[in-house]
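Comments concern the structure below.
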C-alpha cells in the first residue's frame, strides 16, 4: 500500500466509531491515511476494511472484515450481551479488538502496547494504583482488556510509581506557565512543528518580543487579580536559544518583573540545539532564574546529524553540555531520538553510552514519529523500516541500570513500531512540568506564538485555548487573541473558589 497517496477505504455500518477505529488501524499502518464512509460499494475494491454494528433483542452483533491488496479477505463476528447505546464504549472496544486480531494474524504483527491507544497510557495505571491495586491485579486487568506486553506494562507501571509521589503533592490551585519561542536556526527533517528559521524571522523579532512581553503582562494581571500562584515555568519552542542574548534577557526579565518567582518549584529553559548555545546565553539564562536546562543533540552520529538537517556535530553537543555545567547548571536534560534515518542500533548505543558518561540529571528518549508536515514523511515507508525497537529496548535496560528511572511517558500517532517517548531521571530530578502536562491535573497557561493554554476546571473539565500558529498572525491579530484571556480569568476564579487539595 502506498502510504503517501492511497487512502484505505474504511466502511462504517451502524456505527460512528471513527476515532478509535482509526487509532487501532494506526497500530498496523502508522504512516497511512484512511477514507471513512458508509459507502458499501467500497467493499468491492482491492483493499478495504468494514466495521459493522447491529442490534437485535438487546444484544449487539459486531463484525469486521479486512481485505488487503493481494490477500484474501477475512471476516470475524461476535455477539455481545450488551446494549450498543448504554454500553457504547465497550461495544466500540470489542469492535476494535476484532479488527486488531484480524490485522495481527494477517500481517504477523503483535503491537507491544497491544490494543492500548491514546497519548497517556500511564494514566490508566495511575487510576488503578489509586484504587490500591497490586501489580498483579493491574497486569491482569490491562492484559485482559488491552493485550499489552509484559515489558510495556512494566514500563508504564514503573513510570506511574515514580510519578505518584509528585502528583500527590500537586498544587491544583496553582498554574504552570509555558513561554513559546517558535524559532529555529533550520528545520529538522523529522519536525512538523510550526517553527520559523531565524533567517526569515529576523525582521519579525522586535515585534514578536514586544507582543510576547505584552501577553506576559496581561497574564500576570490575571494571575494577580485571581490571587493565583505560579508553580513551574517552561521556556520551549522551537529553540529558545535561537534568540540573541539581549532578546533572551528581555523576555526573562519580563517574566521576573511580572510574576512572583519565590514559590516556583521548577524553571526550565529548553536550550535545545547545540549550535545555538553560547556561554553568554547560558549566563543570562542562569542569572535570570532558570534552574533546569535541556541540551538536545538527538544523536551524536555526525552522519545522521547531516541527514536530519542539523548544523552541528556530536562533539559540538558535548561541548554545549560542558558549557552548561561550567555556567553552574546542576539540572541538565538531554534529548535523544531512536529510529532516526540512517542511524543504526550500534550507533544509537554509542550515543546513549556517551551521554550517560556525561551524567546528565535526566535523559529523554523519543522515538521517531513520521508527521505529515515533516520532510521525512515523503519517504515514510523507508523510515518505518529501522531498528527503533532494538534501540528503545536497549535504552530501557541501560538507563535503568545506571540509576535513571522513567517518570513520564507518552505516545504519538505515526510513531515507528508504535513505540513511546520516555523521560528518565535520577531520583529527585523529575520534571514537574512534564508530569503535569501528561497528567492534565493542573492548568497550564501558554504565552507566545503557537502556545496552547490548558484550563483544568475544578470538575475535571479541560478546555484548550490555542494562540495563532504564525508570528505574523500573532503580532497582527494580538488584540483579538487577548479576548480569549477572559476565559482564563473565569477559570482561575472558579479554581480559587473551590476547595481543592
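Numbering (the working numbering), first residue to last: 6 to 506.
All C-beta atoms, glycine included, are put in the ideal place defined by N, C-alpha and C.
Every value quoted in this text rests on a predicted model; they were computed, and no experiment measured them.
Looking at residue 457: is its Cβ nearer than 9 Å to the Cβ of residue 183?
Result yes, Cβ atoms of residue 457 and residue 183 sit closer than 9 Å.
Can you tell me which of the three DSSP states residue 261 falls into?
helix
Using 10 angstroms around the beta-carbon of residue 345, count the other beta-carbons present and answer buried if the total reaches 16, otherwise exposed.
buried
Run the CB neighbour count on residue 392, radius 10 Å, all protein chains shown included, and call it buried at 16 or more, exposed below.
buried
With a threshold of 8 Å (Cβ to nearest heavy atom), would residue 328 be considered close to the ligand SAM?
In the structure on display, the ligand SAM does not appear, and there are no ligands present to speak of.
Residue 471 to residue 459 span [Cα, whole Å]
Rounded to the nearest whole angstrom, the CA to CA distance from residue 471 to residue 459 is 9 Å.
If we call anything under 9 Å between Cβ atoms a contact, is residue 507 one with residue 370?
Outside the modelled stretch of the chain, which goes from 6 to 506, sits residue 507, for which no answer is possible.
What span of residues does the alpha helix (DSSP H) with residue 356 cover, start to end?
350-363
Are residue 423 and residue 126 close, meaning C-beta to C-beta below 9 Å?
Not in contact: residue 423 and residue 126 (Cβ atoms no closer than 9 Å).
Proximal residues to residue 166 (C-beta, below 8 Å), its chain only, five neighbours per side dropped:
134
Minimum length 4: unbroken alpha helix (DSSP H) runs contained in the stretch 91-130:
93-112
Rounding to the nearest angstrom, what Cα-Cα distance links residue 495 and residue 175 in this structure?
21 Å
Out of 93, 110 and 98, state which residue places its alpha-carbon closest to the alpha-carbon of residue 79.
Measuring from the Cα of residue 79, the nearest candidate turns out to be 110.
With C-beta atoms as the reference, is residue 440 less than 9 Å away from residue 413?
yes
Suppose you measure from the CA of residue 112 to the CA of residue 83; what does that come to, to the nearest Å?
21 Å
CA nearest to the CA of residue 44, picked from 38, 55 and 37:
55
Is the beta carbon of residue 149 less than 9 Å from the beta carbon of residue 105?
no
Inter-residue spacing [alpha-carbon to alpha-carbon] between residue 15 and residue 21
11 Å
How would you call residue 115, buried or exposed, if buried means at least 16 neighbouring beta carbons within 10 angstroms?
With a 10 Å radius around the Cβ and a threshold of 16 neighbouring Cβ atoms, residue 115 comes out exposed.
Measuring straight from C-alpha to C-alpha, what distance separates residue 108 and residue 33?
7 Å
Are the Cβ atoms of residue 256 and residue 248 separated by less than 9 Å?
yes
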